[in-house]
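Engineer: Residue numbering for the sequence shown follows numbering that gives the first Met the number 0, beginning at 0 and increasing consecutively.
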Amino acid sequence: MRAQNYIFIVVFFFLNDFSFAQESVKVFGVYEPIKKGEKVYVFEEICALKAQANLSSKTLMEIPLGEALTLETDYLIKESLRITNPPFIKVRFRGKTGYVRSSSLAFEKLVYEKEETSFLFQLNSPKDTIHGITIKEVYANKTVLNEVKEPLPAESFSIYLSDNKGLTDVEKLLIIDFYAEACGMNGGIAYYSWSPSKLALIANLVALFDADVYAKEEKLIFPTDEGGKDGTVLFYSETNELVDEATEWINKTVVTRTYQWKDGALLPSFNAPAETE
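#1: Please return the same chain residues whose Cβ sits closer than 6 angstroms to the Cβ of T252, not counting the five positions on each side in sequence.
#2: Report back the beta-carbon spacing between E149 and I134 to the nearest angstrom; my notes put them in contact at under 8 angstroms.
#3: Going along the chain, which unbroken runs of the beta strand (DSSP E) with 3 or more residues stay wholly within the stretch 16-82?
#4: For A52, which residues in the same chain have their Cβ closer than 6 angstroms to its Cβ, ignoring the five residues on either side in sequence?
#5: Are P63 and T116 close, meaning C-beta to C-beta below 8 angstroms?
#6: What residue does the beta strand (DSSP E) around P150 start on, and which one ends it?
#7: For E37, which residues of its own chain have a beta-carbon under 7 angstroms away from its beta-carbon, when the five flanking residues on both sides are left out?
#8: Short of 7 angstroms in beta carbon distance, which residues of its chain neighbour F221, apart from the five on each side in sequence? Order them along the chain.
#9: With I175 and I158 assumed to form a contact (beta carbons below 8 angstroms), what rounded beta-carbon distance in angstroms separates them?
#10: Who are the Cβ neighbours of G28 in its own chain at under 7 angstroms, not counting the five residues just before and after it?
#11: Measuring alpha carbon to alpha carbon, tell me which residue in Y138, L75, P85 is nearest E66.
#12: Pick out whichever of S101, W193, N270 has its Cα sitting closest to the Cα of N84.
#13: Measure the alpha-carbon distance for Y40 versus F106 and round it to whole angstroms.
#14: Using only CA atoms, which one of L59, N203, D243 lies nearest to D211?
#15: Residue range of the beta strand (DSSP E) that R256 falls in?
#16: Between V90 and Y30, what straight-line distance do the alpha-carbon atoms span, to the nearest angstrom?
#17: Could you spell out where the beta strand (DSSP E) holding T96 opens and where it closes?
#18: Report yes if the C-beta distance between G263 and D162 is below 8 angstroms; otherwise report no.
#19: Note down, in chain order, each residue of its chain lying with its Cβ closer than 8 angstroms to the Cβ of L122, except the 5 sequence neighbours on either side.
#20: Write down the C-beta distance between T58 and L48 rounded to the nearest angstrom, noting that I regard them as a contact closer than 8 angstroms.
#21: Indicate whether F208 and A179 have their beta-carbon atoms separated by less than 8 angstroms.
#22: Would Y191 and K218 qualify as a contact pair, given that the criterion is a beta-carbon distance under 8 angstroms?
#23: How would you call K35, buried or exposed, if buried means at least 16 neighbouring beta carbons within 10 angstroms?
#24: From N270 to N203, what distance separates their C-alpha atoms?
#25: Closest by CA to S103, which one among I45, K141, A206?
#26: For A245 and N185, I'd like the C-alpha separation in whole angstroms.
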């Protein structure tokens, strides 16, 4: 087989969905602060606002799930990862200033007012030490309907809601976009389908870049995307690997697969192996 030659240009892989919402979504960094004056949200059923930065101090008030607090100091998202003795963060709520445990805070809240539904997000640290995001689906700002955990392969990410992109039995898509900002670091995107009381992972996709040597990009093409078809979701993966820089010799591999969308899920499932004879 004769090798194919390509001009090899590496770009960050944001996918079509990021362009959909780039004017409104925030980009979060695990090691970057949410600034003083910005909002964070109560992630637990009840959060105690303390007079001082310790558990034994007076409780000024109890703040319920989902309520917005104003930061009185910068807050690092990674602070919520400290399992023992998580630090207290100074906040303001309804005219009172006090301290809350960082482990009780969500760094983002997405609201879908039509269905009285919101989504709260917090960083977590599973037993295998791989960082992740915990997602809570909350109804009427008081009842947790679903809680799921999503691995966090990158240090920067954004989270937003999209329309259903033509998928039946789905109200919205919840999208987590991971940015591969450094060579050799994973990026990609996670798609969740959502209808009231039903939050389900569709697929985790990968984006990986290693300087000018290697790049892998995966994406899904939904029914309303360019090239999409009703009732189907197309998977597209492209890998480029540098063989010889002087001759611009690049090995390019493309993988495609068509999934049916049936009863609110991909058919076959996204991780199912390809059938062979």
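Yeah, the Cβ is synthetic: ideal placement off N, Cα and C, and Gly gets one too.
Keep in mind that this is a model prediction, so the values were computed, not measured.
Structural biologist: Reading it off the structure:
#1: The answer, listed in chain order, is T238.
#2: Going by Cβ atoms, the distance from E149 to I134 rounds to 6 angstroms, so yes, they are a contact pair.
#3: Counting only runs that start and end inside the stretch 16-82, the beta strand (DSSP E) elements of at least 3 residues fall at 38-41, 45-49, 58-63, 67-70.
#4: So the qualifying residues of the chain are F87, Y98.
#5: The criterion of a C-beta distance shorter than 8 angstroms is not satisfied by P63 and T116.
#6: Per DSSP, P150 belongs to the beta strand (DSSP E) from 142-150.
#7: Contacts found: L70.
#8: Beyond the five residues adjoining it in sequence on each side, F221 comes within less than 7 angstroms, by CB distance, of K164, G165, L166, G227, V232 in the same chain, given in chain order.
#9: Contact between I175 and I158 is confirmed by a C-beta separation of about 5 angstroms, below the 8 angstroms threshold.
#10: So the list reads E154, S155, once near-sequence residues are dropped.
#11: Nearest C-alpha to E66: Y138.
#12: It is S101.
#13: Roughly 6 angstroms between the two C-alpha positions.
#14: When only C-alpha atoms are compared, the closest one is D243.
#15: Start and end: 248-261.
#16: Answer to the nearest angstrom: the Cα atoms are 20 angstroms apart.
#17: Here the beta strand (DSSP E) through T96 covers 95-100.
#18: It is not a contact, given that the beta carbons lie outside the stated cut-off.
#19: Same-chain partners within the cutoff: V29, I76, K77, S79, L80, F106, H130, G131, I132, T133, L151.
#20: Indeed they touch by this definition, with Cβ atoms about 7 angstroms apart.
#21: In this structure, F208 places its C-beta atom within 8 angstroms of the C-beta atom of A179.
#22: Annotated as distal: Y191 and K218, with beta-carbon spacing of 8 angstroms or more.
#23: Exposed is the call here.
#24: As the crow flies, the alpha-carbon of N270 is around 9 angstroms from that of N203.
#25: Here the closest residue by C-alpha is I45.
#26: When rounded, the distance between both Cα atoms is 27 angstroms.
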